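Just so you know, the sequence shown maps onto residues 1 to 136 in the working numbering.
First up is the structure itself, then whatever we jot down about it.
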Amino acid sequence: MEERTTIDVIMVEPGREARVMVLDDSLEAMQKAVGGLIEEYMPYEDEVALIVNEEGKMLGMPPSRAIRDEDGQVIDIIAGPFFIAYAPVESEKFLSMPDELRDKYLEKFRLPERFFRTEEGIKIVPFIPKKENRER
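Right under this line is the structure:
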């Protein structure tokens, strides 16, 4: 049986709506997608991994999305582009997102967010991007 060489992931970028993307199943393609060295981040109970640029914040990449706990409190902010892949414990590599998880996380990260510094802290507001920023 031929081994699959691509995976279906959810791509999340600053200022753009999240989208499903086919990604080569290689370290090089994953690094290119996030713009540098990759780091696996698993803040949710589901077996999904956020693959982020491990130096995104240090490099000053623009903020992309807030990560919230089950109560809606912000626990982290991802800087730069990232993608979400299926990461079951028994697998040694990332896999394509199953339909149910794909739909759940596509909706969770669909709209881009703007980040504002206020006297009370950082305020995060989702927004609908202008038409020219949308995928055709």
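A virtual CB, placed ideally from N, CA and C, is assigned to each residue, including glycine.
Predicted model only: the values in this text are computed from it and were never measured.
If we count the other Cβ atoms within 10 Å of its Cβ and call it buried at 16 or more, is residue i buried or exposed?
{"i": "residue 52", "result": "buried"}
{"i": "residue 65", "result": "buried"}
{"i": "residue 109", "result": "buried"}
{"i": "residue 112", "result": "buried"}
{"i": "residue 12", "result": "buried"}
{"i": "residue 128", "result": "exposed"}
{"i": "residue 33", "result": "buried"}
For residue i, which beta-bridge partners are listed by DSSP?
{"i": "residue 23", "result": "7"}
{"i": "residue 56", "result": "Answer is none; residue 56 lacks a bridge partner."}
{"i": "residue 39", "result": "52"}
Check the C-beta distance from residue i over to residue j and give it rounded, since I have them as a contact under 8 Å.
{"i": "residue 48", "j": "residue 101", "result": "6 Å"}
{"i": "residue 20", "j": "residue 7", "result": "Contact doesn't hold; Cβ gap of about 11 Å is too wide."}
{"i": "residue 80", "j": "residue 56", "result": "4 Å"}
From which residue to which residue does the beta strand (DSSP E) around residue i run?
{"i": "residue 65", "result": "63 to 68"}
{"i": "residue 50", "result": "48 to 53"}
{"i": "residue 76", "result": "74 to 79"}
{"i": "residue 116", "result": "113 to 118"}
{"i": "residue 89", "result": "No beta strand (DSSP E) holds residue 89; DSSP gives it neither H nor E."}
{"i": "residue 123", "result": "121 to 126"}
What are the boundary residues of the alpha helix (DSSP H) that includes residue i?
{"i": "residue 102", "result": "99 to 108"}
Starting from the Cα of residue i, find the closest Cα among the options and give me that residue.
{"i": "residue 115", "options": "61, 32, 28", "result": "61"}
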